[in-house]
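Asks: First residue of the sequence shown? That's 1 in full-length UniProt numbering, and the numbers climb one at a time after it. Using N, Cα and C, we set each Cβ at its ideal position, and we do this for glycine too. Source: prediction; values computed, not measured.
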Amino acid sequence: MNFLKSGLQTVLGSQQPSQAPSGAETVELLVERVTSSTLLDDRRDACRALKALSKKYRIEVGIGMNAMLQVLETDRTDCEIIGYCLDALCHVTSPEQFEEEQDNPNVTANIGEQFTEIFIKNSDNVCLVLGCLEEYDFRVRWAAIKLLTNLLANRPKEIQEIVLVSPMGVSKMMDLLIDSREVIRNDALLLMIQLTKGNGNIQKIVAFENAFDRLLDVIKEEGCSDGGIVVEDCLILMLNLLKNNPSNQQFFKEGSYIQRLAPMLELSTDQEQAGMSPQKVSNLHCMLQVVRALVCPSNPQQVIGSCQKAIRSSGLLSAICNTIMASGVPPDLLIEAINTIAEVIRGDGQNQDYFNSFIAPCDPPLPAIVLLLMSMVNEKQPLSLRCAVLYCFQSYLYRNDGGQTALVKTLLQSTEQTTSITSGQLLCSSLFSTDPLSNWFAAVSMSHALLENPAQKEQLLRVVLATSHTSKPVSLLEQCNQLLQLANCKFQSKVGLLMLLSVWLSHCQLAVRTFLSIPGTVAYLTGQISANEHGDNEYLVQGLCAFLMGICIQFNDNSVQEHQREFLCQLLVKRIGLDTYNKKLGEVSKHENYSKSAKQPQIRIAATTDLLLDYEFCRLFKALEAVISKTVNGFSSGGENITELTLSQEASGLVAQYKDIIREQDARLQALQQQLAQAESKVHELTGALEQSQTSNGQLQDQNILLKAQLQAASDMRQQIVPSSASSPLHLLPTQGDQQETLEKRLSLLTLEQQTDRAKLVYYESENSRLLGELEQLRTRVNAAESKANESGTELDKLRKDQEDLLELLTDQENKLQRYRMELKRTTGQSFDEDDDEDDELQAIEANDGESCKETAATTSTTETSNTNALGGFVC
């Protein structure tokens with residue numbers, strides 16, 4: 001204390017004892033010193049004093065907040081003074097009350113929240129604190145973390161929005177997790193936990209800032225599940241990032257982080273024998289919550305399915321199953337593990353099959369499902385454990401036709417002698433026990449074996465029970481009806497039996513027929529609906545009886561003569577009245593437990609009395625309530641609506657058959673869609689081949705036109721050579737008779753070649769016309785084949801082969817044309833292109849001597865003979 005007084009005297013100056021300033025005056029002088037001093041040392045001493053006084057004089061220091069914010073902005077280079085200001089602001093905005101201010105009546109409980117509100121009015125103040133996180137100095141960084149934590153605790157939404165728009169604000173916080181100083185890292189974890197609560201955008205940014213890798217690395221460094229409180233903090237932060245955030249859940253799965261969780265849940269034999277420490281139990285509990293966040297039923301189904309598959313393949317499901325069968329597991333952890341298994345296997349056939357095949361390590365070995373059901377029907381077990389087992393069993397049966405069939409088979413009589421107890425025997429014995437809760441659990445469990453499965457509803461009608469008080473066997477349906485009508489039947493037992501019967505009879509005409517054939521059934525339901533007892537429980541039973549009566553009307557096939565649909569509706573109208581019936585039917589949805597049970601599949605209750613309605617039953621009631629009310633009310637308007645109502649009932653009674661038809665049509669539709677896709681791909685290939693063939697045909701047409709032009713040029717040349725020969729110098733030289741003879745032979749040879757070329761041209765023109773006709777036919781056939789592509793692709797394959805043959809033929813014709821042109825050129829010794837000049841040809845003829853003309857004539861004659869023999873087939 002003397003040191004503090006000496007420090008204040010140093011800052012404020014020495015004062016006379018009679019003139020000692022009060023606390024408020026001292027703080028005011030220090031704030032003035034901070035704002036007005038030009039020396040850094042003076043400002044630093046004043047800030048140190050304000051920090052020391054900020055706990056006892058929080059209000060006074062908080063009033064001078066602007067002075068410290070000014071220091072944060074101007075004196076960024078001095079870490080010591082920045083640390084003092086941040087510490088003082090931490091004390092001012094602290095959500096907790098200090099011991100020094102407990103006697104101060106002016107300090108209210110929310111004083112820190114009020115100063116936080118003043119602090120964040122200017123968002124730049126928060127940005128200043130975020131900028132301090134970049135300073136590596138321990139005093140600055142640690143104080144900035146604590147200040148941001150206080151601000152988030154007081155005003156979380158506002159701070160989240162400011163951080164979200166601040167440049168690199170989240171990145172600066174994420175960098176704290178790799179700080180080598182454990183104090184910084186651990187407090188940064190607490191800061192990130194506060195920052196990521198309830199803000200999906202920040203959660204996504206943090207996740208993509210490599211948060212999962214960093215957190216799993218910290219967990220591994222700390223010893224996984226055997227680590228301390230830091231492991232729990234990492235898992236809590238991970239849970240914040242995954243819960244109700246499908247984007248992060250998919251990112252977590254795709255990043256193979258599920259595989260890194262599996263080793264953390266494995267328990268060694270030594271740990272099972274020695275027990276678990278409280279911290280290890282907390283760590284495992286948080287790990288299970290992380291797994292549940294990935295497969296929560298409220299998540300998108302696509303995310304759930306992919307995560308369930310990854311959990312199974314990574315061995316995580318096996319590790320969790322081993323956890324519930326391990327010895328020494330605390331009840332809270334056991335319940336959480338069972339709930340986790342329930343959500344991991346819910347709706348996934350392979351996971352359900354794995355859980356069904358899992359054998360508990362007991363003597364004698366039993367399936368894990370049977371062992372869990374034994375705990376559920378045991379009234380000595382905790383209620384939370386029994387509810388968890390029920391949730392797990394319901395998830396096992398959810399959309400599991402094989403599991404539902406296997407359960408019903410265990411209830412049917414079998415010639416095989418089995419010594420081990422089955423799940424069906426456990427449920428059947430509990431359904432008729434004296435414990436109301438066991439009755440309720442067994443009834444709800446059995447109803448889940450019938451959901452959306454009309455075949456099993458009919459199979460369950462074959463179940464026959466051997467009772468001790470009667471020699472005649474009694475069916476399960478008759479026994480449930482008898483128990484329902486007993487005077488000493490407890491309230492929860494009635495609710496469970498009514499829910500089982502409602503699920504059993506809905507969408508099953510055979511079950512309705514059998515139920516109405518039992519004597520006294522309709523009289524009991526009518527009496528319950530018209531009862532005058534008051535109270536929430538009585539109203540609920542009356543509403544459930546009204547719902548069951550409506551199901552008997554809705555799905556009645558009129559096969560029971562005395563209880564046809566029209567008779568039952570008239571009975572309700574005359575005995576009860578439509579208004580009373582509708583009111584009693586609506587009591588179910590008005591009950592307090594209905595709204596709670598309809599929210600989620602998992603049962604969450606605080607007391608035994610809250611265990612009433614089931615989630616799946618609430619869904620069934622919601623789907624049928626309006627339909628039943630419309631059906632019953634339709635009879636009150638007279639006989640005109642009876643025919644329409646009858647048709648409606650008959651149609652609704654065939655729902656089960658229509659479902660099978662829809663499934664078959666859906667399978668056929670999928671097959672047709674696959675065939676259509678294949679046909680479309682073939683059509684695409686054929687279209688490409690047709691385009692190629694069209695291109696080739698165009699090229700052939702161009703070549704034909706060029707050939708015609710060449711032949712025309714050759715003909716013109718011959719016509720010009722013949723008249724010009726009369727005035728040629730050769731006629732003026734009577735001594736050159738040999739040359740004249742040679743020229744005549746050359747002319748005759750050219751005439752013959754021209755005739756041959758014309759014959760070839762005629763042939764190729766006819767061939768080209770024929771090929772064009774075939775191509776047009778192929779186009780027509782391709783168009784017809786495209787219209788019938790969904791039916792068959794055989795014709796398209798044939799057309800494609802014909803097109804390929806046509807292309808080969810056109811190519812062969814082109815090669816032959818080229819060969820004949822080459823032979824013409826070789827025979828005449830010159831080209832017949834359009835660019836050839838007539839004078840050049842004449843000069844070449846005059847330049848030849850007699851001997852060369854003879855050789856040429858002989859060669860020409862030989863060539864002409866061979867060409868004529870070779871092309872005889874085409875000429876003919």
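Where ALA144 and ASN125 are concerned, what is the direct C-alpha to C-alpha distance, given to the nearest angstrom?
Replies: Along the sequence shown, one-based indexing puts residue 144 at 144. Along the sequence shown, one-based indexing puts residue 125 at 125. One C-alpha to the other measures close to 12 Å.
Asks: Rank LEU686, GLN542, SER54 by C-alpha distance to the C-alpha of ASN532 and give the top, closest one.
Replies: Residue numbering aside, residue 532 sits at position 532 when the sequence shown is read from its first letter. With distances taken between Cα atoms, ASN532 lies closest to GLN542.
Asks: What's the gap between the Cα of LEU711 and the Cα of GLN777?
Replies: For this step, residue 711 is matched to residue 711 along the sequence shown. For this step, residue 777 is matched to residue 777 along the sequence shown. So the two alpha carbons sit approximately 31 Å from each other.
Asks: Considering just the uninterrupted stretch of the alpha helix (DSSP H) at GLU96, what are its terminal residues?
Replies: Numbered from 1 along the sequence shown, position 96 holds the residue referred to as residue 96. GLU96 -> no alpha helix (DSSP H), and no H or E assigned at all.
Asks: Taking the DSSP output, what are the residues bridged to LEU366?
Replies: Mapped onto the sequence shown, residue 366 falls at position 366. Its beta-bridge partners are ALA360.
Asks: Buried or exposed: which applies to THR422, given that a residue is buried once 16 or more other Cβ atoms fall within 10 Å of its Cβ?
Replies: Reading the sequence shown from its first residue, position 422 is the one you call residue 422. Label assigned to THR422: buried.
Asks: So, under 8 Å CB-CB, LEU265 and ALA319 are touching, yes? Tell me the CB distance rounded to an integer number of Å.
Replies: Along the sequence shown, one-based indexing puts residue 265 at 265. Along the sequence shown, one-based indexing puts residue 319 at 319. Yes, they are in contact, since the Cβ atoms of LEU265 and ALA319 sit about 4 Å apart, within 8 Å.
Asks: List the DSSP bridge partners of CYS474.
Replies: For the purposes of this step, residue 474 is identified with residue 474 of the sequence shown, where counting begins at 1. Residue 474 is actually Val in this sequence, not Cys. VAL474 is bridged to LEU465.
Asks: Quick one: residues in its chain with C-beta nearer than 7 Å to the C-beta of ALA442, no 5 flanking neighbours on either side, listed in chain order?
Replies: In the sequence shown, the residue the question calls residue 442 occupies position 442. Cβ within range, chain order: VAL377, LEU427, SER430, LEU431.
Asks: Spell out a yes or no on whether the region 470–480 and the region 575–595 are touching, meaning 3 or more CB-CB pairs, one atom from each, closer than 8 Å.
Replies: no
Asks: Could you pull out every residue in the same chain whose Cβ sits closer than 8 Å to the Cβ of GLY639, ignoring the five residues on either side in sequence?
Replies: Taking the sequence shown and counting its residues from 1, one reaches residue 639 at position 639. Caution is warranted here: a pLDDT of 43 is assigned to GLY639, below 50, making its placement in the model unreliable, and the coordinate value is therefore given only provisionally. Hits under 8 Å: none found.
Asks: Could you please give the first and the last residue of the uninterrupted alpha helix (DSSP H) stretch that includes HIS285?
Replies: Against the sequence shown, residue 285 aligns to sequence position 285. Unbroken alpha helix (DSSP H) run through HIS285: 278–295.
Asks: Confirm, please, whether the CB-CB distance from CYS296 to ASN351 is below 9 Å.
Replies: If you number the sequence shown from 1, residue 351 lands on position 351. If you number the sequence shown from 1, residue 296 lands on position 296. Not closer than 9 Å, so no.
Asks: Just mark LEU684 as buried or exposed, buried being the case when its beta carbon has 16 or more other beta carbons within 10 Å.
Replies: Here residue 684 corresponds to residue number 684 of the sequence shown, with the count starting at 1. What sits at residue 684 in the sequence shown is His, not Leu. Counting Cβ neighbours within 10 Å, HIS684 comes out exposed, since fewer than 16 surround it.
Asks: Which complete alpha helix (DSSP H) runs does the region 418–450 hold, if anything under 4 residues is left out?
Replies: 423–431, 436–448
Asks: Which residue spans inside the region 477–534 form an unbroken beta strand (DSSP E) run of at least 3?
Replies: none
Asks: In whole angstroms, give me the CA-to-CA distance for ALA293 and LEU242.
Replies: Along the sequence shown, one-based indexing puts residue 293 at 293. Along the sequence shown, one-based indexing puts residue 242 at 242. Here the alpha carbons of LEU242 and ALA293 stand approximately 6 Å from one another.
Asks: Express the C-alpha separation of ALA188 and ALA109 in angstroms, rounding to a whole number.
Replies: In the sequence shown, residue 109 corresponds to position 109, counting from 1. In the sequence shown, residue 188 corresponds to position 188, counting from 1. For ALA109 and ALA188, the distance between alpha carbons rounds to 26 Å.
Asks: Pop quiz: LEU190 and TRP440 are said to be a contact at Cβ under 8 Å. What is the actual Cβ separation, rounded to whole angstroms?
Replies: Here residue 190 refers to the residue found at position 190 of the sequence shown. Here residue 440 refers to the residue found at position 440 of the sequence shown. Going by Cβ atoms, the distance from LEU190 to TRP440 rounds to 43 Å, so no, they are not a contact pair.
Asks: When the Cα atoms are used, what is the spatial distance from ARG44 to THR323?
Replies: What you label residue 44 is simply residue 44 of the sequence shown in a count that begins at 1. What you label residue 323 is simply residue 323 of the sequence shown in a count that begins at 1. Straight across, the Cα-Cα distance linking ARG44 with THR323 is about 58 Å.
Asks: Once the 5 residues before and after SER506 are set aside, which same chain residues still bring their CB inside 7 Å of it?
Replies: Taking the sequence shown and counting its residues from 1, one reaches residue 506 at position 506. Result list for SER506: ILE551, PHE555, LEU620, LEU624, in chain order.
Asks: Measure the C-alpha to C-alpha separation of LYS146 and LYS197 and round it to an integer number of angstroms.
Replies: The residue you call residue 146 lines up with position 146 of the sequence shown. The residue you call residue 197 lines up with position 197 of the sequence shown. Rounded to the nearest angstrom, the two C-alpha atoms are 17 Å apart.
Asks: What residue ranges within the region 30–73 form continuous alpha helix (DSSP H) runs of no fewer than 4 residues, ordered along the chain?
Replies: If one requires a minimum length of 4 residues, the alpha helix (DSSP H) runs lying completely within the region 30–73 are 40–53, 58–63, in chain order.
Asks: Output yes if chain D places a C-beta closer than 9 Å to the C-beta of ASP87; else output no.
Replies: Note that chain D does not occur in the displayed structure, where there is just one protein chain.
Asks: Evaluate TYR136 with the Cβ neighbour count: other Cβ atoms within 10 Å of its Cβ, from every protein chain shown; 16 or more gives buried, anything less gives exposed.
Replies: Here residue 136 corresponds to residue number 136 of the sequence shown, with the count starting at 1. TYR136 should be labelled exposed.
Asks: Taking the straight line between their C-alpha atoms, what separation do you get for VAL34 and CYS90?
Replies: Taking the sequence shown and counting its residues from 1, one reaches residue 34 at position 34. Taking the sequence shown and counting its residues from 1, one reaches residue 90 at position 90. Those two C-alpha atoms are separated by around 18 Å.
Asks: Ignoring anything shorter than 4 residues, give me the alpha helix (DSSP H) runs that lie fully in the region 188–248, in order along the chain.
Replies: 200–208, 211–221, 229–242
Asks: Which one of LEU195, TYR57, LEU215 has the shortest CA to CA distance from VAL170?
Replies: Residue 170 sits at position 170 when you count from the first residue of the sequence shown. It is LEU195.
Asks: Mind checking LEU477: buried by the 16 CB within 10 Å criterion, or exposed?
Replies: Mapped onto the sequence shown, residue 477 falls at position 477. Buried is the call here.
Asks: The alpha helix (DSSP H) spanning ASP332 covers which residue range?
Replies: By 1-based counting over the sequence shown, the position of residue 332 is 332. From DSSP, the alpha helix (DSSP H) with ASP332 extends over 331–345.
Asks: Is the Cβ-Cβ distance between TYR396 and ILE338 less than 9 Å?
Replies: Against the sequence shown, residue 396 aligns to sequence position 396. Against the sequence shown, residue 338 aligns to sequence position 338. Not closer than 9 Å, so no.
Asks: Give the secondary structure of LEU558 by DSSP, where H, G and I count as helix, E and B as strand, and everything else as coil.
Replies: One-based indexing of the sequence shown puts residue 558 at position 558. It should be noted that the sequence gives Asn, not Leu, for residue 558. Residue state, collapsed to three classes: coil.
Asks: Does the distance from the C-beta atom of GLN514 to that of LEU461 stay below 9 Å?
Replies: For the purposes of this step, residue 514 is taken as residue 514 along the sequence shown, with counting starting at 1. For the purposes of this step, residue 461 is taken as residue 461 along the sequence shown, with counting starting at 1. A small correction: the amino acid at residue 514 is Thr; Gln does not occupy that position in the sequence shown. Cβ atoms of THR514 and LEU461: closer than 9 Å.
Asks: Helix, strand or coil, according to DSSP, for ARG668 in the structure here?
Replies: The sequence position of residue 668 within the sequence shown is 668, counting from 1. Three-state result, ARG668: helix.
Asks: Given that a residue counts as buried once 16 or more other Cβ atoms are within 10 Å of its Cβ, and exposed if not, what is ARG668?
Replies: Mapped onto the sequence shown, residue 668 falls at position 668. ARG668 is exposed by the Cβ-count criterion.
Asks: Rounded to whole angstroms, what is the Cα-Cα separation between LYS204 and GLY255?
Replies: Looking up residue 204 in the sequence shown gives position 204. Looking up residue 255 in the sequence shown gives position 255. Rounded to whole angstroms, LYS204 to GLY255 spans 14 Å at the Cα level.
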